[in-house]
Amino acid sequence: MGQTRDCGQKTAMSWPCVGEAGRTGDWRTTRPVVDPDKCIAARKDKIVCMQCWMFCPDNVISRTAPPEIDLEYCKGCGICVQVCPSQAIEMRPEHAENAEASVMEEAPCDS
Amino acid sequence: MTVETKSISVITGNKAAAEAARLARVDVVAAYPITPQSPVVEALSKYIETGILDAEFITVESEHSAMGVCIGAAASGSRVFTASSANGLAYMCEQLSWAAGSRLPIVMGCANRAMSAPWSVLNDQQDAMSQRDQGWIQLYCRNNQEIFDTFLQGFRIAEQVQLPVMVCYDGYILSHTVMPVDIPEQEQVDAYLPPYSVHTVLDPDTPRNINPVTLADPRLNGDGVLCHGYMEFRYLMQQAHQEAMDVIVAADVEFESCFGRSWGGLTWSHKLDDADTVLLAAGSLAGEATIAADTLREEGIRAGVLGLRSYRPFPAAALAAQLAGARLVVVFDKSLSYGYGGPICIDLQAALMNHRLSPEIHGYIAGLGGRDIKARELTAAVQESVAWVKQEKALKPTGWINLKL
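Going down the list, the protein sequences come from chains A and B. Those letters in the first sequence? Residues 3 to 113, per my numbering, in order. Those letters in the second sequence? Residues 261 to 665, per my numbering, in order.
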């Protein structure tokens, strides 16, 4: 991975590019899942509606039919769920089975 | 080495600062008026308006904005100058940290003035010393020639180590007092001070974000390069300060070869070689101490003066080397770290302890809020300390010279 001194920076800086802020997908605890039977763009197979694309603060939703969400960078804020006029997006827990397992593992500490 | 003198002007410390900025060919000046600094930027404003200096004067509504403009200008490739004092400097405080953290070689003058409350426009060094930990280099001057020369050195030092430099000089005592100052020709200054070249330039052709949120740990950027976390940047600032010690000395040596004058780099001394009793201070007060040392010598006390020119970086090793033969060090501070002692005194105590030296060190607070301080009062303080040591009294509390309580 090298050392940070190789970056040669004296002042903190970044350049505009995809993922400059790091893999923000790691921050997510719930992920948006699009139901193609409800999504207007998916049903019409046309670039219509696009409220999710327009409102996504991280620009991770594609302007396509159906819209695609880049889970590498989606932080899971859920704004797309709120703005979708057809309730086609829902947030599902990330790693639900792992979360359950970790609770089970912690249980013996109480005894 | 002697250098032919062409032009001696009898000018104030503030005028000397403005003349230095002019001859340094600054590109941008942004400042807000505050006593006793205002004449510096008034003079620069006149130079710019009348075409004597080809630069931008950017008027602002506060010192906070003044430093903000300086940061922007320096980050876009300009040589930048500003000046302030006391409450103005305090109002700049938040931006001072941004300037240093961005490693921008801004040079500013601080005509030292007491902090309020109560309100005062008169001199002490509380303003600059209160900004000690912002990451700026701080250099203190004894007279108007040193002010002029230190600004020129300041640009050179700042641009070499990529840290901002604050040139500090006592308000009124120097800022408003006229003294002869040798002002060199532009060509001589150009030979000493090369054009500004920057490490980072904000440029629309290569858009970038300066100072984004920097997390605790290093991270890969979008190009897969491992970039510093917050601590790495801060370590590099500290490293730059350490390197600055050699650079400050070298800038003074080079200055002497160009102009025939040397100010000692990090420190300077007066009759120090055989001295066992050393007076230590910064700024005009240290100049006053040389008169006190001479008087003490007439009385049979082997006194000398060690003047502190660079407060940050603090030249601990250089001070220790020069104080190896001292039995008593009397430190005069024109400011106070409330609840403890004089800032120079407490730094010196720590430095000498680190260097395994243990002379008697007595601290005196002097000249706060413009309280007059004469050489004979410094002499009396040293005599008091000498007597204290002879009587092998217990730990001496910090003295307050000329306190009338």
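All residues carry an ideal CB built from backbone N, CA and C; glycine is no exception.
| With a CB to CB cut of under 7 Å and the five nearest residues on each side skipped, what residues in its chain are close to B/H530? | Position 270 of the second sequence, counting from 1, holds the residue named residue 530 of chain B. Same-chain partners within the cutoff: T550, A553, G564, V565.
| Would the C-beta of A/D37 count as close to the ligand NAD, meaning under 7 Å from any of its heavy atoms? | For the ligand NAD, the structure offers nothing, since it holds no ligand at all.
| task | With 9 Å as the C-beta to C-beta threshold (strictly closer), list the residues of the stretch 471 to 488 of chain B near chain A in chain order. | result | N471, P472, V473, T474, L475, P478, R479, L480, N481, G482, D483, V485, L486, C487, H488
| Straight-line Cα distance separating B/G311 from B/V458 | Numbered from 1 along the second sequence, position 198 holds the residue referred to as residue 458 of chain B. Numbered from 1 along the second sequence, position 51 holds the residue referred to as residue 311 of chain B. Their Cα atoms are separated by approximately 26 Å.
| message | I'd like to know if B/L356 contacts chain A, where contact means its C-beta is closer than 8 Å to some C-beta of that chain. | response | As a working mapping, residue 356 of chain B is identified with position 96 in the second sequence. By this cut-off, B/L356 is not an interface position.
| request: For B/F493, go through chain A and note every residue whose CB falls closer than 7 Å to its CB, in chain order. | output: Position 233 of the second sequence holds residue 493 of chain B. The contacting residues are A14.
| Looking only at C-alpha atoms, which of B/P619, B/W660, B/Q643 sits nearest to B/E558? | The count along the second sequence starts at 1 and reaches residue 558 of chain B at position 298. Nearest option by C-alpha distance: B/Q643.
| request: List the whole-angstrom C-beta distance separating B/G543 from B/C401, where the pair is believed to meet the contact cut-off of C-beta under 8 Å. | output: Taking the second sequence and counting its residues from 1, the one referred to as residue 543 of chain B is at position 283. Taking the second sequence and counting its residues from 1, the one referred to as residue 401 of chain B is at position 141. B/G543 to B/C401, Cβ: 7 Å. Contact.
| Is it true that the stretch 41 to 50 of chain A meets the stretch 62 to 69 of chain A, where meeting means three or more beta-carbon pairs spaced less than 8 Å apart? | yes
| task | Pick out the complete alpha helix (DSSP H) segments inside the stretch 301 to 374 of chain B, 4 residues or longer, and give them in chain order. | result | 323 to 335, 346 to 361
| Which runs of the alpha helix (DSSP H) spanning at least 4 residues fall entirely within the stretch 415 to 464 of chain B, listed in chain order? | 446 to 452
| query | When the Cα atoms are used, what is the spatial distance from A/Q53 to A/R94? | reply | By one-based count along the first sequence, residue 53 of chain A stands at place 51. By one-based count along the first sequence, residue 94 of chain A stands at place 92. About 20 Å.
| said: Measuring alpha carbon to alpha carbon, tell me which residue in B/V270, B/Q413, B/G585 is nearest B/H436. | reply: The count along the second sequence starts at 1 and reaches residue 436 of chain B at position 176. With distances taken between Cα atoms, B/H436 lies closest to B/V270.
| task | Count the other CB atoms, across all protein chains shown, that sit within 10 Å of the CB of B/P467; report buried if there are 16 or more and exposed otherwise. | result | The count along the second sequence starts at 1 and reaches residue 467 of chain B at position 207. Counting other Cβ atoms within 10 Å of its Cβ, B/P467 stays below 16 and is therefore classed as exposed.
| request: Would you be able to state if there are at least three C-beta pairs under 8 Å between the stretch 403 to 420 of chain B and the stretch 382 to 389 of chain B? | output: no
| query | Run through DSSP, which three-state label would B/L588 get? | reply | Along the second sequence, one-based indexing puts residue 588 of chain B at 328. The answer is strand: DSSP assigns B/L588 an E or B state.
| field | Span separating the alpha-carbon of B/V286 from that of B/T272 | value | Start at 1 with the first residue of the second sequence, and residue 286 of chain B comes out as number 26. Start at 1 with the first residue of the second sequence, and residue 272 of chain B comes out as number 12. Whole-angstrom Cα-Cα distance: 20 Å.
| request: Just grab the DSSP bridge partners of A/M15 for me. | output: Locating residue 15 of chain A in the first sequence gives position 13, where the first residue counts as 1. Looking at the DSSP assignment, A/M15 forms a beta bridge with B/I470.
| Cα-Cα separation between A/Y75 and A/C86, rounded to whole angstroms | Within the first sequence, numbered from 1, the residue matching residue 75 of chain A stands at position 73. Within the first sequence, numbered from 1, the residue matching residue 86 of chain A stands at position 84. The straight-line gap from Cα to Cα measures roughly 20 Å.
| In chain B, which residues lie less than 8 Å from A/T26 when you measure between Cβ atoms? | The residue given as residue 26 of chain A occupies position 24 in the first sequence. None at all; the shortest Cβ gap to chain B is about 11 Å.
| said: Against B/Q422, what residues of chain A qualify as contacts under a CB-to-CB distance less than 7 Å, listed in chain order? | reply: For the purposes of this step, residue 422 of chain B is identified with residue 162 of the second sequence, where counting begins at 1. Here the neighbours are K12.
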